[in-house]
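Residue numbers (the working numbering), protein chains in the order written: chain V, 1 to 131; chain X, 132 to 312.
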């Protein structure tokens, strides 16, 4: 438990430091700040997808990555010069959110179906194809 | 009472301070999602993460997307994931190891990807404006039901197919449940 608290505290200090760096690089008025945020979020999601054992944790990491991509879409469209591009960006982000909802539905029901057969949510115990 | 453009007694603008606060919350909760051992806490941290991201959308000038984020992600997807967590938790064998054996290479790969993407972002000159612009909801609606009406309808069909597929996959098979175990 203490390790979790220490880890979270360290992570938040690290993150606030990153935020201050981003502020020095232009703050909320620069496109690069949003893109940097999106890249960090995508990397965190990718690590979670590759490293977690639980299938539902992997799905959550996929949601993080989808959100990172959505954030970069919004950032690009919000810094576009013409107003039509800004509206298009919002529309594309809304469509991506809808597709993400469909993906979550199907992904979670696949996990439920596998769980009912194998009685475990851990993906490294799904070894039916390697036998 | 009017609030000035900067935080009182400092030269920091409000929106920069808000951005750093939201970005810090977002990244800290995202780290919590992938690092914490208790998966139900991961799910709760994910809700915080989505909320902070909705705030960032508002700051980026897309309030409709922020509203959809709150409704769809916090309202629907998080609840779905929390239910799935509760349905798949095994009491008999709690996962002692939250991470695979490949966690260390995965961390290296993620850091490498992050560095490459950050270098690409830093070295690219993006065209377009340097000023952040807001979107008006009425204009977004006109775009959604004007030039984007075909993708909109296709997404509707996709959602219907996903719902039917989800019900089909998650439905209990009669022949296996009736059999005593």
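All C-beta atoms, glycine included, are put in the ideal place defined by N, C-alpha and C.
Next on the checklist: Which residues in chain X have a C-beta closer than 7 Å to the C-beta of residue 124 of chain V? List them in chain order.
Outcome noted: Here residue 124 of chain V refers to the residue found at position 124 when the first chain is read from its first residue. 231, listed in chain order.
**Item:** Beta-carbon contacts of residue 107 of chain V that lie in its chain and below 6 Å, excluding the five residues immediately before and after
**Value:** In the first chain, counting from the first residue as 1, residue 107 of chain V sits at position 107. Same-chain partners within the cutoff: 59.
Original post:
Relative to the C-alpha of residue 91 of chain V, which residue among X:297, X:214 and X:282 is closest?
Top reply: Position 91 of the first chain, counted from the start, is the residue given in the question as residue 91 of chain V. The residue with the shortest Cα to Cα distance from residue 91 of chain V is X:282.
For residue 156 of chain X, does the count of other Cβ atoms within 10 angstroms reach 16, so buried, or fall short, so exposed? Your numbering for residue 156 of chain X matches position 25 in the second chain. Classification for residue 156 of chain X: buried.
Assign residue 215 of chain X to one of two classes, buried (16 or more other C-beta atoms within 10 Å of its C-beta) or exposed (fewer than that). Your numbering for residue 215 of chain X matches position 84 in the second chain. Flag for residue 215 of chain X reads buried.
**Message:** Please confirm whether residue 219 of chain X has its beta-carbon closer than 7 Å to some beta-carbon of chain V.
**Reply:** Stepping through the second chain from its first residue, residue 219 of chain X is reached at position 88. Judged by the 7 Å Cβ criterion, residue 219 of chain X is in contact with chain V.
If you drop the 5 nearest sequence neighbours on each side, which residues of the same chain put their C-beta closer than 7 Å to that of residue 85 of chain V?
The residue given as residue 85 of chain V occupies position 85 in the first chain. Closer than 7 Å at Cβ, skipping near neighbours: 77.
Those residues which DSSP pairs with residue 121 of chain V across a bridge: Within the first chain, numbered from 1, the residue matching residue 121 of chain V stands at position 121. Partner(s): none; residue 121 of chain V has no beta bridge.
Could you check where the alpha helix (DSSP H) with residue 395 of chain X kicks off and where it finishes? An answer regarding residue 395 of chain X cannot be provided, because it is not within the stretch 132 to 312 covered by chain X.
(message) Which residue wins for smallest C-alpha separation from residue 265 of chain X, given the options X:141, X:161 and X:194?
(response) If you number the second chain from 1, residue 265 of chain X lands on position 134. When only C-alpha atoms are compared, the closest one is X:194.
(message) Three Cβ pairs or more, each shorter than 8 Å: is that satisfied between the segment 243-263 of chain X and the segment 36-45 of chain V?
(response) yes
query = Hey, is residue 158 of chain V's beta-carbon within less than 7 Å of any beta-carbon in chain X?
reply = Residue 158 of chain V cannot be examined here, being either before or after the span of chain V that is shown, 1 to 131.
Item checked: Outcome for residue 233 of chain X when other beta-carbon atoms lying within 10 angstroms are tallied against a minimum of 16 -> For the purposes of this step, residue 233 of chain X is identified with residue 102 of the second chain, where counting begins at 1. By the neighbour-count rule (16 or more Cβ atoms within 10 Å), residue 233 of chain X is not buried but exposed.
* To do: Kindly give me the distance between the Cβ atoms of residue 230 of chain X and residue 205 of chain X, rounded to whole angstroms, as I take these residues to be in contact under 8 Å.
  => Here the question's residue 230 of chain X lines up with position 99 in the second chain. Here the question's residue 205 of chain X lines up with position 74 in the second chain. No, residue 230 of chain X and residue 205 of chain X are not in contact; Cβ-Cβ is about 27 Å, not under 8 Å.
Is there a Cβ of chain X sitting closer than 7 Å to that of residue 65 of chain V, yes or no? Along the first chain, one-based indexing puts residue 65 of chain V at 65. By this cut-off, residue 65 of chain V is not an interface position.
Requested in this report: To the nearest angstrom, report how far apart residue 272 of chain X and residue 97 of chain V are at their CA atoms.
Outcome: What you label residue 272 of chain X is simply residue 141 of the second chain in a count that begins at 1. What you label residue 97 of chain V is simply residue 97 of the first chain in a count that begins at 1. Computed Cα separation, rounded: 16 Å.
How is residue 105 of chain V classed by DSSP in three states: helix, strand or coil? To locate residue 105 of chain V, count along the first chain from 1; it is residue 105. Three-state result, residue 105 of chain V: helix.
### Message
By the three-class DSSP mapping on this structure, what secondary structure does residue 47 of chain V have?
### Response
For the purposes of this step, residue 47 of chain V is taken as the residue at position 47 of the first chain. DSSP places residue 47 of chain V in helix when its eight states are reduced to three.
**OP:** Compute the Euclidean distance between the alpha carbons of residue 121 of chain V and residue 270 of chain X, then round it to the nearest angstrom.
**Re:** Translated into the one-based positions of the first chain, residue 121 of chain V becomes position 121. Translated into the one-based positions of the second chain, residue 270 of chain X becomes position 139. Cα-Cα distance, rounded: 45 Å.
Q) CB-CB under 8 Å to residue 88 of chain V, same chain, minus the five flanking residues each way: which ones, in chain order? A) As a working mapping, residue 88 of chain V is identified with position 88 in the first chain. The residues are 77.
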